[in-house]
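Have a look at the structure below, then the notes.
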Amino acid sequence: MQFSAKVSEASKQRTACAIIPVDAKSRLTASGKALDEACGGAIGKLLKRNDLGSKLGATQLLSMTEGPAERVLLVRSGEGVLSQADFRKLAGASAQAVKGYKDAFSYLTELEVADADSAWQAQQLALAAGLACYKFTRCLSDAKPNPLAKFQVHAPEKKQLSAVKKGVAMGAAQATGSNVARELGNLPGNICTPTYLVGQAKELAKKHAKITTSVVDAKKMQSLGMGAFMSVAKGSDEPPALIAMQYKGGKANQKPVVLVGKGITFDTGGISLKPGQAMNEMKFDMCGAASVFGVMAALAELEPAINVVCLVAAAENMPSGRASKPGDVVTSMSGKTIEILNTDAEGRLVLCDALTYAAKFKPEVVIDVATLTGACVIALGNHATGLYANEDELAQSLIAAGERTGDRAWRMPLWDEYQPMLDSNFADMQNIGGREAGSVTAACFLSRFAEDYTWAHLDIAGSAWNSGGNKGATGRPVPLLMEYLLNK
């Protein structure tokens, strides 16, 4: 999809669909008035019929017989200065309405948004358009992608054009990354295996000069002492892999940010078998890994001057005669021993060894991303990602990035008082802490392997995918991570 920005005279701008805001009193912005004149006053006449709903984000599509635009999409923008959340609603509603046309031109940047400039607005519009155009077609015998191939954003003044272009580029890259994550997350487990993810990482390195890929296979894991990681993969015929993708855009001596993604390509729960209901959704248990793939794709598109390492801890958790059993004790790469009380708490077992491995990159910051606990869904629902951090400044930066993008996170406690819940009689620790505070104790477990660097944990179990009729991966938290990486 092609994204661009320009200073446009609405009376002359040819497009398949022009997106025009209309306030609560059915007044048009400057571009809307100019387009109305070019259409012989047709827009104003149709507005008087009051067919456009009064609710913020309501849309009405008009087919035009005069003027440069084949169609005009009217979007109810409300009255006065918009909040950032309301503007994102308009961006999303308009993008959904125009995704069926070959191109669209948005004039929503003429609206006033609290604490936001035209660059931020352009970013939100491009992100919304890119997300709206995604459609999963890989496994459908007769499906066509959405036709929207060109999306342009209006710069209200020439002096704003550079900033608007920058915002469009950022939003487009966030959409690219989110859609890469959605595609990987939506693939079924018989296609998207650890081996498949290895192939995808190698393809990224082939296509982009600034990306290199290396893989720690099962034999190398054994030699490194990754007993926790390997314990998860024991029950599967699929070999595990720790994939390291390095984006080298900054100076050689610049410390990288390391992102670690949980890549359980299918999670049955192992011997602690999950209930059958909705088990099909456990293909989404690799959405943490999918999100770091998405970040790599977005970085390749933007090419910022930073260094980032993405680690993917890829394995399949299956029950078999070889699988780990409740009560087994394994030794992690760090040397710490773990009593496995529940084989369905497997994400933390692959992540703990990946976090130990992350130290070899001498990171500035390490952030792991994982669909880790159902307890986080109970605590925060589907709106917010659970955020844990061992350093306040990092936590605040991630929260701010989520607020700017609408990909929001909420900080959870990581207090020492929770740590004793992981005590074991037979090992240095156990892999679960009981029913209470399940998301917190999972984070406490991971924190024991991230003591040597600044670290954050994002529990995306509630935000990574939708269930029901709208089932599918969301691509979160790619926008949050990209915003953090480029503005930290």
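Counting in UniProt numbering, the sequence shown runs from 1 upward without gaps. Don't be surprised by glycine CBs; every beta carbon is placed ideally from N, CA and C.
At the C-beta level, TYR107 and ILE19 come within 9 Å of one another.
In this structure, the alpha-carbon of PRO147 lies about 15 Å from that of PHE105.
When C-beta atoms of the segment 366–381 are compared with those of the segment 451–464, three or more pairs fall below 8 Å, so the two segments count as touching.
SER63 sits in a strand when the DSSP states are folded into three classes.
Of the residues ALA122, TYR484, PHE87, the one whose Cα lies closest to the Cα of SER4 is ALA122.
Residue burial annotation: VAL292 is buried, with at least 16 other C-beta atoms found within 10 angstroms of its C-beta. Using a Cβ distance threshold of 9 Å, GLU346 and THR405 do not count as a contacting pair.
Straight-line measurement puts the Cα of ALA114 at about 5 Å from the Cα of SER83. The DSSP-derived three-state label of LEU311 is strand. Scanning its chain for C-beta atoms nearer than 6 Å, with the 5 sequence neighbours on each side dropped, one finds around GLY402 the residues ARG408, ALA409, LEU480, in chain order. With a cutoff of 9 Å on beta-carbon distance, THR385 and ALA314 are scored as not near each other. Remark: C-beta atoms of GLY433 and LEU422 approach each other more closely than 9 Å.
Boundaries for PHE426: no alpha helix (DSSP H) harbours it, and the DSSP string shows neither H nor E there. Of all C-beta pairs linking the segment 238–258 to the segment 216–227, three or more are shorter than 8 Å, placing the two stretches in contact. Taking the Cα positions, LEU74 is about 9 Å away from GLY57. Leaving aside the five residues that flank ALA290 on each side, the residues in its chain whose CB is nearer than 6 Å to its CB run, in chain order, ALA181, LEU184, GLY185. Here LEU414 is buried. Its C-beta has 16 or more other C-beta atoms within 10 Å.
Take ALA298, set aside five residues on each side of it, and the residues of its chain with a beta-carbon closer than 7 Å to its own are ALA173, GLN174, THR176, GLY177, VAL478, MET482, in chain order.
Assignment of beta strand (DSSP E) within the segment 222–277, counting only whole runs of 3 or more residues, yields 241–248, 257–267 in chain order. SER94 and LEU302 have their C-alpha atoms some 25 Å from each other. Counting along the chain, VAL72 sits inside the beta strand (DSSP E) bounded by residues 71–78. Here the alpha carbons of ALA116 and LYS33 stand approximately 24 Å from one another. Closest option to PRO239, judged by alpha-carbon separation, among GLN200, TYR196, ILE271, GLN254: TYR196. Pairwise C-beta distances place the segment 305–319 in contact with the segment 344–358, as three or more of them are shorter than 8 Å.
Residue burial is scored here from C-beta neighbours: PHE426 has fewer than 16 other C-beta atoms within 10 angstroms and is therefore classed as exposed. By the C-beta density criterion, VAL81 is exposed, having fewer than 16 other C-beta atoms within 10 angstroms.
Secondary structure note for PRO194: its alpha helix (DSSP H) is the uninterrupted segment 194–207.
The three-state reading of DSSP puts ARG411 in strand, counting E and B together.
Under the Cβ criterion (8 Å, minimum of three pairs), the segment 376–383 does not count as touching the segment 354–361. Ranking GLY235, ALA395, ASP353 by CA distance to the CA of GLY227 puts ASP353 first. A buried status is given to THR343, since no fewer than 16 other beta-carbon atoms sit within 10 Å of its beta-carbon. Between ASN307 and MET286, the alpha-carbon positions lie close to 24 Å from each other.
Around the beta-carbon of GLU339, 16 or more other beta-carbon atoms lie within 10 Å, marking it buried. In the structure shown, the three-state DSSP call for LEU127 is helix. Within the model, the alpha-carbon separation for GLY261 versus MET64 is close to 49 Å. Counted as a single uninterrupted DSSP element, the alpha helix (DSSP H) harbouring PHE87 occupies residues 84–98.
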